[in-house]
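Peer 1:
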Amino acid sequence: MDTDAKIYWEDVSPGDVFELGERRVGREEIVAFARAYDPQPFHVDEEAAKSTMMGGLAASGWHSCCLMMRLMFEGFLSKSSSLGSGGLDEVKWLKPVRPGDVLSARYSVLETRASRSRPDLGICKSLCEVFNQAGETVMTCRFTQFMGRRPADRGAGA
Amino acid sequence: MSLFFEDIELGRVIELGGHRFGAEEIVAFAREFDPQPFHLSEEAARESLFGHLCASGWHTVSIWMRHAVAREHRIRAELAAAGEPAPGFGPSPGVRELTWPTPVYVDDEISFTTSPQTKRVLASRPGWGVVESLNEGVNQEGRTVLRFFGSLFVERRARAGA
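Protein chains in written order, with our numbering: chain U, 73 to 230; chain Y, 7 to 168.
This is the structure in C-alpha cells:
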C-alpha cells in the first residue's frame, strides 16, 4: 500500500470530482471584507443595498472567491501537491451571497497535461462551483492548477 | 468627470494609485483565505515555484478592487459637491482571463490601472449597460503582476433623467 496519501498530478483525471465541505458566511465578515476591499453600498450598508440591483446586502464577489479559495485549500489543495495557480479563465458571479448563507463547493478536473518545460510539474484545467444552502450555484470559476508530479514518475508519460 | 454609461471613454487608461505589499499583510490575508505555504513563510516559499514569500493572487486582486472603488467614491463626492447626478453602483457579472504573470513579493510597489474596452446596452435591463475593462497591476520594475478583463453593470444617463 502506498503510504504517501498526497494527491499528485498522476492521481487526477478529467471527470474527477472532489466535494469540498461547507462554510457559513456571517453578516459581520461580509461587511468587514467589503470595508477593507470593496466598500460599495450593497456590500456594506443594509439599507442602501435595498434600492440597488442586488436588492439587499450581499458579499463582495472577491469575498466569495476568497471563501471558495479557503474551501479549495481545506478540501483539496492541502491534501495535494498543489504548486499554485497560473490564472483563471473565467469567474461568474451568478447569485448574491447573503448573510447567513451556507456555502459548499465542488472541484472538478476538466483536463490534465504534463508540463513541456518542467518534468516535475503537471497542469490541470479545473472548475470550482460554489453553491448556497438552497442548492443554487452562486459562482463558478475555471482556472489552471499547477501540481507536482509523483517523484518516481517525474518526466514519464509527457 | 462622470461615471454614467454614456460618458465612459473606451481605450483610456485610468491610473488608480498604488500599494506597497508588506510582509505582515501578505501573511495575514493568506492565513484567512489562502494558507498555501508559499504565502505564509519565506522558508517554505524558497522551495516553491515562486522562490520567495509572495501575496495570494486573491490579495492582489482585492487591493486592485479597493483602488477601483475608491476612485468611484471620489468621483461621486465631486459630483455631489457640484450638485450633479451620479449613477447608482452596479454589481459585476464576472471576470475573464485573469492572470498573475509575476508574483507580488514582499515590499513590492504595485500600480493599478483600469481601461474600459467595450460597452453594450442591455435589452434585459433597461437603464443599464455593461462595460468591460482591462484591469492591471504593474510592479516597480514595470512587470505586470495582475491582468484581467472585468465586467460591470453601469447605469445609463437616460434612466437618471427619467
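Glycine residues also receive a C-beta, built at the ideal position from the N, C-alpha and C atoms.
What's the call for Leu152 of chain Y, buried or exposed, on a 16-neighbour Cβ count within 10 Å?
Peer 2: Counting Cβ neighbours within 10 Å, Leu152 of chain Y comes out buried, since at least 16 surround it.
Peer 1: Can you check whether the CB of Trp165 of chain U is closer than 9 angstroms to the CB of Pro99 of chain Y?
Peer 2: Yes. Within cutoff.
Peer 1: Of the residues Y:Ser139, Y:Gly143 and Y:Glu21, which one's Cα is nearest the Cα of Pro109 of chain Y?
Peer 2: Checking every option, the nearest Cα to that of Pro109 of chain Y belongs to Y:Gly143.
Peer 1: Under the three-state reduction of DSSP, which class applies to Phe11 of chain Y: helix, strand or coil?
Peer 2: Phe11 of chain Y: helix per DSSP, three-state reduction.
Peer 1: With the cut-off set at 9 angstroms, would you say Gly172 of chain U and Arg185 of chain U are in Cβ contact?
Peer 2: No, the Cβ-Cβ distance between Gly172 of chain U and Arg185 of chain U is not below 9 angstroms.
Peer 1: From Arg221 of chain U to Trp81 of chain U, what does the alpha carbon distance come to, in whole angstroms?
Peer 2: Their Cα atoms are separated by approximately 5 angstroms.
Peer 1: In the structure shown, what three-state DSSP assignment does Gly167 of chain Y receive?
Peer 2: Residue confidence is low: Gly167 of chain Y scores 47 on pLDDT, short of 50, so the model does not pin down where it sits. Its coordinate-derived value is still stated next. Three-state result, Gly167 of chain Y: helix.
Peer 1: At what residues does the beta strand (DSSP E) containing Ala177 of chain U begin and finish?
Peer 2: Run containing Ala177 of chain U: Val174 to Ala186, per the beta strand (DSSP E) assignment.
Peer 1: Against chain Y, which members of the segment 167-184 of chain U pass a CB distance test of less than 9 angstroms?
Peer 2: Residues passing the 9 angstroms Cβ filter: Pro168.
Peer 1: Would you verify that the beta carbon of Val84 of chain U is, or is not, closer than 9 angstroms to some beta carbon of chain Y?
Peer 2: Chain Y, which has no Cβ nearer than 9 angstroms to the Cβ of Val84 of chain U, makes this no.
Peer 1: Three or more C-beta pairs under 8 angstroms: does that hold for the segment 124-143 of chain Y against the segment 49-59 of chain Y?
Peer 2: Touching, no, given that fewer than three Cβ pairs across the two stretches are closer than 8 angstroms.
Peer 1: Just to confirm the assignment: which complete beta strand (DSSP E) runs, minimum length 3, are found wholly within the segment 84-172 of chain U?
Peer 2: Within the segment 84-172 of chain U, the complete beta strand (DSSP E) runs of at least 3 residues are 89-96 and 154-165.
Peer 1: Short of 6 angstroms in beta carbon distance, which residues of its chain neighbour Asp114 of chain Y, apart from the five on each side in sequence? Order them along the chain.
Peer 2: Hits under 6 angstroms: Phe27 and Asn145.
Peer 1: What's the call for Arg142 of chain U, buried or exposed, on a 16-neighbour Cβ count within 10 Å?
Peer 2: The residue in question, Arg142 of chain U, is buried, as its Cβ has 16 or more Cβ neighbours within 10 Å.
Peer 1: Is the closest heavy atom of the ligand FAD to the C-beta of Glu103 of chain Y under 8 angstroms?
Peer 2: Absence of the ligand FAD from the depicted structure is noted, as is the absence of any ligand whatsoever, leaving it without description.
Peer 1: Work out the CA separation of Tyr111 of chain Y and Trp134 of chain Y for me, nearest whole Å.
Peer 2: If I take the Cα positions, the gap works out to 39 angstroms.
Peer 1: Tell me, to the nearest whole angstrom, how far the beta carbon of Arg72 of chain Y is from that of Tyr109 of chain U; I am working on the premise that it is less than 8 angstroms.
Peer 2: Correct: roughly 5 angstroms between the Cβ atoms.
Peer 1: Can you list, in chain order, the residues of its chain with a C-beta nearer than 6 angstroms to that of Val160 of chain Y? Leave out the 5 residues immediately preceding and following it.
Peer 2: Answer for Val160 of chain Y: Phe11, Gly96, Gly135 and Val137, listed in chain order.
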